[in-house]
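Read the structure below first, then the notes.
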Amino acid sequence: MRAPLKWTSSATRLGVLLFAAATTLAVIGQSWWAVAQDRALTVEGELRNGLVAVRLLEQHTAREIEVAEQRLDSIAAAVFAMPYGQAVAGPAIQILIDDNLKTSRSAGAFQYVNLQGRRWVSIVDFPPYVFEHEERAYIAHLLSHPNDTRLLLGVPLRREIDSELVLPIARNLYDHSGQLVGLISTDVSMAGVADTFAAVAGHADVSLSLVEDAGPLILRAPSGAADLDTAPLALARALAGAGLEGQLAPGLAGPYPGERMAVFRKTPRYAISTVYSRDLQTLLAPWRQRSIDRLLATAGFVAFQLTLSYLLLLQIDRLNRAQRHQRSVEQEVRDLNRALEQRVLQRTEKLQEALASVQRFQGELVRAEKMAALGSLVAGIAHELNTPIGNSLTVASTLQDVINTLDAELVQARPRRSVLSGQVGSLKQGGLILMRNLARAADLIASFKQVAVDQSANHRRPFGLKALIEDIALTLTPMFKGAGHHLELELDPAIEMDSYPGALSQILSNFIENAVVHGFGQRREGTMRIVATHTAAGLVHLRFSDDGRGIEAHDLRRVFDPFFTTRMGQGGSGLGMSVVYNLVTSVLGGTIEISSTPGGGTVLDVIMPASAMCDAAELVTPAL
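Shown next, in the form of structure tokens:
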């Protein structure tokens, strides 16, 4: 016995240690995975935010350039519609530009350059707008490429008059025959775009750049005038080979120290790109704090797990000691169990014997209840028969005297007619009285015989319910007639049944007896009523009611319980209504309900089929 116990203890210890190790590794692994996922989600969320920002900034920048482009396009369209050749195009174009400036709400400075390289500026009061060709490379390019119809962007610069950041743009002009007549350019103010970039970059260490695809940097935020230099060649190459938008390599975000996350959005129409970047260290600062909190929570849980495992091992040691102690008393417990089982077996046998005795006693009580009902019936019938039979004996003795008188008169030589006539009249009257009394006795005996046979035999037979109840009522009349009570019958003569009349007789006998004994008590002139009708479902509804004192609510729910009676020790067995319930439900196949209120009488409703559900040839009163 000791070796298996020791092996079990070792296996349990090993299981606890393995569980603690596996749980600890699982928690650490899950925490590490959660930290990595949190970092990936943080960076991914910032990428989405950056893409949203560059899309909005790209639209804002494109609108600023598009407004200036539309002004140049309107002038180019007007030049194309003029009926002048190259010789006189210059002065006409200057007049056209002046008229456009007068009618345009967004008027600004324009520079017109003819094919010979001569320049004309719409606002001559601002000499900073006049530059040499080499200062604006797009002038030489457009004049030397007459078929280039694109809008070209120049190198951004700051105007000397107000230090405002501007982006030069230019396009070629053609006359009505499609011949090049020069070019027109203007400077797009980037102040609004720079303010928007600065507002977006004003928090969370964000940097923004607007660059041309050819390499020049248009603006950067946050930045100063000294930052307006050329973008790194690597950034231009990366943008040239990229799609419409996406993520840049960390080292291409601009001249900022440290690792950065960067995204871009191109404006293909104007060959410019918007770049959004953010320092990863600043971006991941909240993530680091969350990771520290998560790792501290993991460490706490691991410490709790290890402590719990240690305590569990201690508990296992205590249980092992308890098991060793338990082994010392197991034999004693088994001995006690065997002794207890023997006692239980003995007491079970005694209880079975007592139960059999109680069942026999219940059967005797049921039979006694049945015989008591028959005895009461016999006593009542005997009392009722006493009157007609006594009257018949009196009449018979009187008739005997009349016969003796007639016999003596007839012996005379001359019988007297008056005597004979008087005695014959007495004989007739006595005969009538004798016949009535004997007929009354015969009816009582016939009813008693039928009811007694039904009650004792429990035979099933067809019968008319009205005739049966009338016979039962006639037989039970002695039970209540002497106390002044009377029974009213309201019976449907069309009800025919194939059932057990003895059971019905016993049920009604109990109803009437309970009404007389319990309902009326010492009261006189009580009324009982039996009503028999057909129900809508084709069943027979038998209702018995009395106007007695009723039943208390706490007793009403126990009426059908065996051995329940309110007259215990006064002749009541408490089996009558229990037998009635079993007869109704088991023999007749019906249901019974009782309703009563103190002082308001009692109503018993029996619903049963016209043909009994039980098909046995003979039934015995059900056992309780």
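With our numbering, you'll find the sequence shown wraps up at 641, consecutive numbering, no jumps. Ideal placement from N, C-alpha and C gives every residue a C-beta, glycine not left out.
Check: Would you give the residue range spanned by the alpha helix (DSSP H) that residue 183 belongs to?; Outcome: Segment 182 to 191 is the beta strand (DSSP E) holding residue 183; no alpha helix (DSSP H) there.
Check: DSSP on residue 476, reduced to helix/strand/coil?; Outcome: strand
Check: Hey, out of 615, 561, 527 and 536, whose CA is closest to residue 595's CA?; Outcome: 527
Check: CA-CA distance, residue 606 and residue 499?; Outcome: 35 Å
Check: What does the alpha-carbon distance come out to for the pair residue 300 and residue 224?; Outcome: 13 Å
Check: Counting only the same chain and skipping the five closest in sequence on each side, list residues whose C-beta sits under 8 Å from that of residue 484.; Outcome: none
Check: Within 10 angstroms of the Cβ of residue 295, are there 16 or more other Cβ atoms? Answer buried if so, exposed if not.; Outcome: buried
Check: Taking DSSP as the reference, what is the three-state secondary structure of residue 281?; Outcome: strand
Check: Going by alpha carbons, who is nearest to residue 88 out of 289, 336, 365 and 202?; Outcome: 202
Check: Rounding to the nearest angstrom, what Cα-Cα distance links residue 436 and residue 449 in this structure?; Outcome: 20 Å
Check: Pull the bridge partners of residue 655 from the DSSP assignment, please.; Outcome: Any question about residue 655 goes unanswered here, given that the chain covers just 18 to 641.
Check: If you check the beta carbons only, do residue 610 and residue 547 fall under 9 Å apart?; Outcome: no
Check: So, with DSSP's three-state summary, where would you put residue 528?; Outcome: helix
Check: Under 9 Å, do residue 55 and residue 338 count as touching if we go by C-beta distance?; Outcome: no
Check: For a quick check, are the C-beta atoms of residue 541 and residue 502 less than 9 Å apart?; Outcome: yes
Check: Looking at C-alpha atoms only, which residue of 544, 597 and 628 is the closest neighbour of residue 618?; Outcome: 544
Check: Measure the C-alpha to C-alpha separation of residue 621 and residue 488 and round it to an integer number of angstroms.; Outcome: 20 Å
Check: Rounded to the nearest angstrom, what separates residue 41 and residue 322 at their Cα positions?; Outcome: 7 Å
Check: Terminal residues of the continuous beta strand (DSSP E) containing residue 198?; Outcome: 197 to 206
Check: State the Cα-Cα distance for the pair residue 81 and residue 48, rounded to the nearest angstrom.; Outcome: 50 Å
Check: Using the C-alpha atoms, what's the distance from residue 486 back to residue 522?; Outcome: 8 Å
Check: Taking just the CA atoms, how far does residue 304 sit from residue 649?; Outcome: Absent from the structure is residue 649, since the part of the chain shown begins at 18 and ends at 641.
Check: Since residue 595 is in the alpha helix (DSSP H), which residue starts that stretch and which ends it?; Outcome: 593 to 599
Check: Quick one: using the 10 Å Cβ neighbour count with 16 as the cut-off for buried, is residue 204 buried or exposed?; Outcome: buried
Check: How is residue 455 classed by DSSP in three states: helix, strand or coil?; Outcome: helix
Check: From residue 628 to residue 372, what does the alpha carbon distance come to, in whole angstroms?; Outcome: 36 Å
Check: Am I right that residue 520 and residue 623 are in contact with their C-beta atoms under 8 Å? What's the rounded C-beta distance?; Outcome: The Cβ separation is near 11 Å, so there is no contact.
Check: With 16 as the cutoff for other CB atoms within 10 Å, does residue 13 come out buried or exposed?; Outcome: The shown model of the chain, from 18 to 641, leaves out residue 13, and the question about it has no answer.
Check: Taking contact to mean 3 or more Cβ pairs, one atom from each stretch, closer than 8 Å, check whether the stretch 209 to 220 and the stretch 228 to 239 are in contact.; Outcome: yes
Check: To which residues of the same chain is residue 482 closer than 6 Å at the C-beta, ignoring the five residues directly before and after it?; Outcome: 512, 514 and 549
Check: Using only the alpha-carbon positions, how far apart do residue 470 and residue 428 sit?; Outcome: With a pLDDT of only 48 at residue 470, under 50, the local geometry of the prediction cannot be trusted, and no value is derived from it.
Check: With 16 other CB atoms within 10 Å as the buried threshold, where does residue 212 fall?; Outcome: exposed
Check: What would DSSP say about residue 610, mapped onto helix, strand or coil?; Outcome: strand
Check: Pull up the CB-CB distance for residue 69 and residue 262, whole angstroms please, since I reckon it's below 8 Å.; Outcome: About 11 Å; that fails the 8 Å criterion.
Check: Using CA atoms only, rank isn't needed, just tell me which of 191, 173, 34 and 136 is closest to residue 185.; Outcome: 173
Check: Report yes if the CB atom of residue 199 is closer than 9 Å to the CB atom of residue 260, and no otherwise.; Outcome: no
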